[in-house]
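Residues in the sequence shown are numbered from 810 upward in steps of one, following the working numbering. One structure below.
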Amino acid sequence: MSTCKKTRAEATSVVSSDRLSSLPPKIKGNVLSRLDVREAVRTSTLSSTWRDAWTDMPKISLRDRNFTRTRFVTLVDMVLALHKGTIEEFDISSEKSYHDEFARWMLMLSRRSPRSVTIKLNSGPRYKISSCVFSIGDLKFLQLENCIISLPRAFQGFKSLTYLSLNNFSSTDRNIQNLISFCPVLKDLILTTFEGINQLNIQAPKLEYLRVYGDFEDINLEAPNLKVAILYLGHQAKAYQSVPIVHDKENHIKKSLGGLSEIKILGITGSFMKYLSKGRILTKLPSVFTRLENIYLNICFWDRRQVFAAYSLFQNAPNLKKLAVWSYPSSTWDQCQARILEHTLQMQMDHLVTASVGCFRGLDNEVDFVGKLLSWAPALEEVKIEWKGETDCSMVFAKLLAMPRVSARAKVIVTF
């Protein structure tokens, strides 16, 4: 390189360096937020103007994968102690145990008034969430794993929280009910793998998305703006194991889902359909799910009450367009006792376009169900069947193909 070109290159490098160094602290913080925290801290050695730039990082993400436990503790302590800007997002996850340090970290974090907090410390026993975390008034996003939720008496709620996700946690009926109801603008709620909750009461006027995966005895939803609900009940739950009471006049579909007038997508998985089939089964519910277009359903076709409860649900979803069903067997396989009786209900599923049945074994009760779909849905275009039977399927296929259908376009497609 000629002397002239070398001089110009060095001058350009100096100018570029000066431009970077002259950036406002907020912009420097945003740039450093794209780096690993350890790398961001190392920029303090670049020049005096970058020495404290990392302390204005709005997003902090801490991972202990490449750290010894001692070094990671030092890093977290330093970041929380020396950070002087606003923490928009704080995210920490680990593969090691930090129970001795957790309370200290939470106290330091709460003083920074973060807007978003994600804590995934999944090693060892559950962490008790410190009361100071529940005093973060500007919190909008909260995701916790492997924790114990116990609200302080002075809890005033998260007035700005729109997203709440709790996974692998323990709590009580009252604590969870109060936590949810004291978040007036909550839109997204995820509760998965929990202990200590028997009566799950969800009162959230702004809630739009709900996913529940766990064991409970009872559930009550008061969420008039809910659009998507995925509800899973574990097979070990008492609600699943309990036997329906003959004279029980309560309708569990009405109780659990009756107020969801805005629901568009409904997923009923695990043993939740058995819970809904307890008590009195109504063909007409007080409120109709006029916006419900997609239903995803786990059902035991050997249980007539579950089948009738599903029919009740379909009848009250006049605009249903997509139906996906997964069949699972009961502990007994007596078709004669469990076969679906001729149902006097004549339904019109006028808008149903696609349907699917997973884990199809080709037994009479499953075939009957497909036949009813074909006879009820004039707009039906396709029924997909996932074959899981262990016997010869040719006779079953012949029966399916010969079934009468009200839609000339309806196709029955079988996959293996």
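Cβ coordinates follow ideal geometry from the N, Cα and C atoms, glycine included. These numbers were taken from a predicted model, which means no experiment stands behind them.
Check, Outcome
"V1134 to E898 span [Cα, whole Å]", "39 Å"
"Inter-residue CB distance, C1202 and G1171 (contact presumed, cutoff 8 Å)", "6 Å"
"Straight-line gap, K1064 to L1085 (C-alpha atoms, nearest Å)", "9 Å"
"The alpha helix (DSSP H) enclosing K1063, as first and last residue numbers", "1061-1066"
"Reference S925, options G1079, K893, K937, Q952, closest by Cα", "Q952"
"C-beta contact flag for A1219 and V1192 at 9 Å", "yes"
"S932 beta carbon less than 9 Å from that of S906", "yes"
"Cα-Cα separation between L1210 and K1197, rounded to whole angstroms", "18 Å"
"Sequence-distant residues of the same chain with beta carbon closer than 8 Å to L1030, five excluded per side", "I1011, L1019, A1038, S1065, L1066, G1068, L1069"
"Minimum length 3: unbroken beta strand (DSSP E) runs contained in the region 901-980", "925-930, 950-957, 972-979"
"Contact belief for D900 with L871 at Cβ below 8 Å, rounded distance in angstroms", "7 Å"
"Cβ pair I1074, I1108 closer than 9 Å", "no"
"Nearest-angstrom Cβ-Cβ length linking L1129 and M1158, presumed shorter than 8 Å", "6 Å"
"Run of the beta strand (DSSP E) containing R1020, from where it starts to where it stops", "1018-1023"
"C-alpha distance - T927 paired with F1110, whole-angstrom precision", "41 Å"
"Three-state class that DSSP yields for A1207 in the structure shown", "helix"
"Separation of M915 from L891, as counted between CA atoms", "15 Å"
"Rounded C-alpha distance that separates P1014 from N984", "18 Å"
"R878 in three-state terms, based on DSSP", "helix"
"Coil, strand or helix - V1116 by DSSP", "helix"
"C-beta atoms of S1165 and A1188 nearer than 9 Å", "no"
"Expected contact under 8 Å - CB spacing of C992 and L970 to nearest Å", "5 Å"
"Of the residues K893, M866, S903, the one placed nearest V882, counting alpha carbons only", "S903"
"Proximity winner among F1098, Q1115, R962, D947, relative to K1036 (alpha-carbon distances)", "F1098"
"Residues near Y1041 in its chain [Cβ-Cβ closer than 7 Å; skip 5 each side]", "V1021, Y1022, T1078, G1079, F1081"
"Whole-Å CB distance - I1006 paired with F1025, under 8 Å assumed", "6 Å"
"Cβ-Cβ distance between E886 and R913 below 9 Å", "Note on identity: in this sequence residue 886 is Asp, with Glu being the wrong assignment. The answer is yes: Cβ separation under 9 Å."
"K1015 - DSSP class collapsed to helix/strand/coil", "coil"
"Between the CA atoms of I1072 and N1034 - distance to the nearest angstrom", "7 Å"
"Three-way DSSP call (helix, strand, coil) for K1036 in this model", "coil"
"Expected contact under 8 Å - CB spacing of S974 and C941 to nearest Å", "Incorrect: roughly 20 Å between the Cβ atoms, too far for contact."
"Per DSSP, the bridge partner or partners of I1074", "V1037, N1103"
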